[in-house]
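Presented below is the structure to which this report refers.
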Amino acid sequence: MDDLKLLSELRADAPEPDADRLRALRARSLRRRRRLRPVLSLPLAMTAAVAVIAAVTVVYGDDRPVTRPPVTIEATPVNAEVMLRQAALMAEKRLPDGISPRPDQWLYRKSVVRQPADGSVEVQEYWTRYDGTRQATRLGRRPMETRTIEPDPGDDDLSPRQYAARLAKLPTDPDRLLAHVRGDRHWQDKPDEERGLDEPADARAFRVLSVYLGQGVHLPPKLEAAIFRALARIPGVRVDLGIRDAAGRPGMGIAYEVGAPGFGTQRDENGQVTERSYVILDSTTYRYLGSRTDFLRDRLISGEVVFTQGSVFATAEVAAGVVDEPGQIP
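Numbers 2 to 331, taken from this note's numbering, label the letters of the sequence shown in order.
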């Protein structure tokens, strides 16, 4: 299909925002950053429209309202179902990589991380043994550190080898896959006892499928296609073009507009968006690029501003591969 014709169709059918939530994904992605897939980066071939978020009012301790200027986000809302269907068709054409690391080999990953507090950007390198028993890290200019990973039966953070085994057993029919991740108790968040909250099945499905996309182990082509088709079946999934990762690369951002409190696009009591988080894919190859959260209002904890309006948390996966020992570069 011609790119301009497709873009016209997508803009005409672009969905309107529904509701909110998506913070748990960021917490899990931070824990799992050591196992992310190789990245192929190609420039976005379409010009992004500019979406403007309305001005917001922030109340400080002296109760004087302060009106902030609008936050401008460069993005093109598009039809999520059409784009995810395109991603599935592309994924089906991939060839299996045929790589099966030995248990004593290491998965290497290099990423860029942008912090929301001060806007600082840091290059981070991780080496994780395929059997999950050890990990080495090099953060910025600091020396490389190695640690032993103790097994934790209650943790859902699997080793690379365990992820590969789990992915190999998943159904490749999108409806069966969606039913599986909606009901898989291994991934079910514990309810918040104080607030009486639990994670809805659709929120869990989006979170788990996003985690699968971000792993460093190989995704079988049919499974990757099924993941995209399953995401398209979840009500409230949003897709925007022109979302930039921590390395500044524009891509296709997938967000979840409705879900459990604390997970998904966040809104205030008036329905105004306060923050939105994305899983970012390359707009041409549909490979995983990274993640991004835009804080469209001040984030308050215990009445104190921890992230100011306009802050961004973002990651970018820039290199990956298999090596024989930590410190080696593929």
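No residue lacks a Cβ here, since even glycine has one placed at the ideal position from N, Cα and C.
message: Could you pull the DSSP bridge partners for Glu146 from this structure?
response: Here residue 146 refers to the residue found at position 145 of the sequence shown. Glu146 pairs with Thr138.
- prompt: Whole alpha helix (DSSP H) runs in the segment 192-232 with 4 or more residues, listed along the chain?
  reply: 202-214
- request: Using beta-carbon positions only, say whether Thr266 and Val274 come within less than 7 Å of one another.
  value: Taking the first residue of the sequence shown as 1, we reach residue 266 at position 265. Taking the first residue of the sequence shown as 1, we reach residue 274 at position 273. Going by C-beta atoms, Thr266 is nearer than 7 Å to Val274.
task: Compare the beta carbon distance of Arg318 and Ser112 with 7 Å and say whether it is the shorter of the two.
output: By 1-based counting over the sequence shown, the position of residue 318 is 317. By 1-based counting over the sequence shown, the position of residue 112 is 111. A small correction: the amino acid at residue 318 is Glu; Arg does not occupy that position in the sequence shown. Yes. Within cutoff.
- prompt: For Arg86, which option in Gln116, Tyr287, Gln106 has the closest C-alpha, if you only look at C-alpha atoms?
  reply: For the purposes of this step, residue 86 is taken as residue 85 along the sequence shown, with counting starting at 1. The residue with the shortest Cα to Cα distance from Arg86 is Tyr287.
- prompt: From which residue to which residue does the alpha helix (DSSP H) around Pro161 run?
  reply: On the sequence shown, residue 161 is found 160 positions in, with the first residue counted as 1. From DSSP, the alpha helix (DSSP H) with Pro161 extends over 161-170.
Under 7 Å between C-beta atoms of Tyr252 and Asp283: Along the sequence shown, one-based indexing puts residue 252 at 251. Along the sequence shown, one-based indexing puts residue 283 at 282. Checking the sequence, you will find Gly at residue 252 rather than Tyr. Against a cut-off of 7 Å, the Cβ pair of Asp283 and Gly252 comes out as a contact.
message: Applying the 10 Å Cβ sphere with the 16-neighbour rule, what's the burial state of Glu270?
response: Locating residue 270 in the sequence shown gives position 269, counting from the first residue. Glu270 comes out exposed.
message: Quick check on DSSP: helix, strand or coil for Val259?
response: The residue you call residue 259 lines up with position 258 of the sequence shown. In the three-state scheme derived from DSSP, where H, G and I count as helix and E and B as strand, Val259 is classed as coil.
query: Which value, in whole angstroms, describes the spacing of the CA atoms of Ala315 and Ser292?
result: In the sequence shown, residue 315 corresponds to position 314, counting from 1. In the sequence shown, residue 292 corresponds to position 291, counting from 1. Cα to Cα, the separation comes out at about 5 Å.
- prompt: Which residues in the same chain as Phe229 place their Cβ atom closer than 7 Å to its Cβ, once the five residues preceding and following it in sequence are excluded?
  reply: What you label residue 229 is simply residue 228 of the sequence shown in a count that begins at 1. The answer, listed in chain order, is Leu85, Ala88, Ala89, Ala92.
Same chain only: Cβ atoms within 7 Å of Arg333, ignoring 5 sequence neighbours per side: Shown here, the chain extends from 2 to 331; a query on residue 333 therefore has no answer.
- request: For Leu290, decide whether its Cβ has a neighbour in chain B, counting only Cβ atoms nearer than 7 Å.
  value: Protein chains in the displayed structure number just one, and chain B is not present.
- request: Name the residue from Lys223, Lys94, Leu301, Gln216 whose alpha carbon lies nearest to the alpha carbon of Tyr164.
  value: Here residue 164 corresponds to residue number 163 of the sequence shown, with the count starting at 1. Answer by Cα proximity: Gln216.
- prompt: If you draw a straight line from the alpha carbon of Pro331 to that of Trp107, how long is it in whole angstroms?
  reply: Here residue 331 refers to the residue found at position 330 of the sequence shown. Here residue 107 refers to the residue found at position 106 of the sequence shown. Each residue's Cα considered, the two are about 10 Å apart.
Asp246: first and last residue of the uninterrupted beta strand (DSSP E) it sits in: Sequence index remark: in the sequence shown, residue 246 carries index 245 (1-based). Looking at the DSSP string, Asp246 is not in any beta strand (DSSP E), and its letter there is neither H nor E.
Exposure of Pro97, with buried meaning 16 or more beta-carbon neighbours within 10 Å: What you label residue 97 is simply residue 96 of the sequence shown in a count that begins at 1. Exposed, since its Cβ has fewer than 16 Cβ neighbours within 10 Å.
task: Compute the Euclidean distance between the alpha carbons of Ala208 and Pro327, then round it to the nearest angstrom.
output: In the sequence shown, residue 208 corresponds to position 207, counting from 1. In the sequence shown, residue 327 corresponds to position 326, counting from 1. Note on identity: in this sequence residue 208 is Arg, with Ala being the wrong assignment. Cα to Cα, Arg208 sits roughly 30 Å from Pro327.
query: Thr77 bridges to which residues according to DSSP?
result: Your numbering for residue 77 matches position 76 in the sequence shown. Per DSSP, Leu242.
query: How long is the line joining the alpha carbons of Phe308 and Gly99, rounded to whole angstroms?
result: Your numbering for residue 308 matches position 307 in the sequence shown. Your numbering for residue 99 matches position 98 in the sequence shown. Approximately 43 Å, taken between the alpha carbons.
Nearest-angstrom Cβ-Cβ length linking Ala231 and Leu179, presumed shorter than 8 Å: To locate residue 231, count along the sequence shown from 1; it is residue 230. To locate residue 179, count along the sequence shown from 1; it is residue 178. That pair is a contact at about 4 Å.
- request: Starting from the Cα of Arg239, find the closest Cα among Arg115, Ser303, Ser278 and give me that residue.
  value: Against the sequence shown, residue 239 aligns to sequence position 238. That would be Ser278, whose Cα lies nearest to the Cα of Arg239.
- prompt: Count the other CB atoms within 10 Å of the CB of Ile281; is the residue buried (16 or more) or exposed (fewer)?
  reply: In the sequence shown, residue 281 corresponds to position 280, counting from 1. It is buried - the Cβ of Ile281 has at least 16 other Cβ atoms within 10 Å.
- request: Just mark Asp295 as buried or exposed, buried being the case when its beta carbon has 16 or more other beta carbons within 10 Å.
  value: On the sequence shown, residue 295 is found 294 positions in, with the first residue counted as 1. So Asp295 counts as buried.
query: Contact check, Leu168 vs Tyr213 under 8 Å by CB: the rounded distance?
result: For the purposes of this step, residue 168 is identified with residue 167 of the sequence shown, where counting begins at 1. For the purposes of this step, residue 213 is identified with residue 212 of the sequence shown, where counting begins at 1. Going by Cβ atoms, the distance from Leu168 to Tyr213 rounds to 7 Å, so yes, they are a contact pair.
field: For Glu82, the three-state DSSP class (helix, strand or coil)
entry: Along the sequence shown, read from residue 1 onward, the residue named residue 82 stands at position 81. Note: Glu82 maps to helix in three-state DSSP.
field: Distance between beta carbons of Ala247 and Arg115, contact taken as under 8 Å
entry: Taking the sequence shown and counting its residues from 1, the one referred to as residue 115 is at position 114. Taking the sequence shown and counting its residues from 1, the one referred to as residue 247 is at position 246. Confirmed, about 4 Å.
message: Rounding to the nearest angstrom, what Cα-Cα distance links Gly150 and Arg162 in this structure?
response: Here residue 150 is taken as the residue at index 149 of the sequence shown, counted from 1. Here residue 162 is taken as the residue at index 161 of the sequence shown, counted from 1. The question names Gly, but residue 150 is Ile in the sequence shown. Each residue's Cα considered, the two are about 14 Å apart.
field: Residue from Thr77, Arg110, Arg234 whose Cα sits closest to the Cα of Tyr289
entry: Working through the sequence shown from its first residue, we reach residue 289 at position 288. Of the candidates Thr77, Arg110, Arg234, the one whose C-alpha sits nearest the C-alpha of Tyr289 is Arg110.
query: So what's Asp283 in DSSP terms, helix, strand or just coil?
result: Residue 283 sits at position 282 when you count from the first residue of the sequence shown. Looking at Asp283 - three-state DSSP - the assignment turns out to be coil, as it is neither helix nor strand.
- prompt: Can you tell which of Val218, Leu210, Arg135, Arg177 has the C-alpha that lies nearest to the C-alpha of Pro102?
  reply: Stepping through the sequence shown from its first residue, residue 102 is reached at position 101. Cα-wise, what sits closest to Pro102 is Val218.
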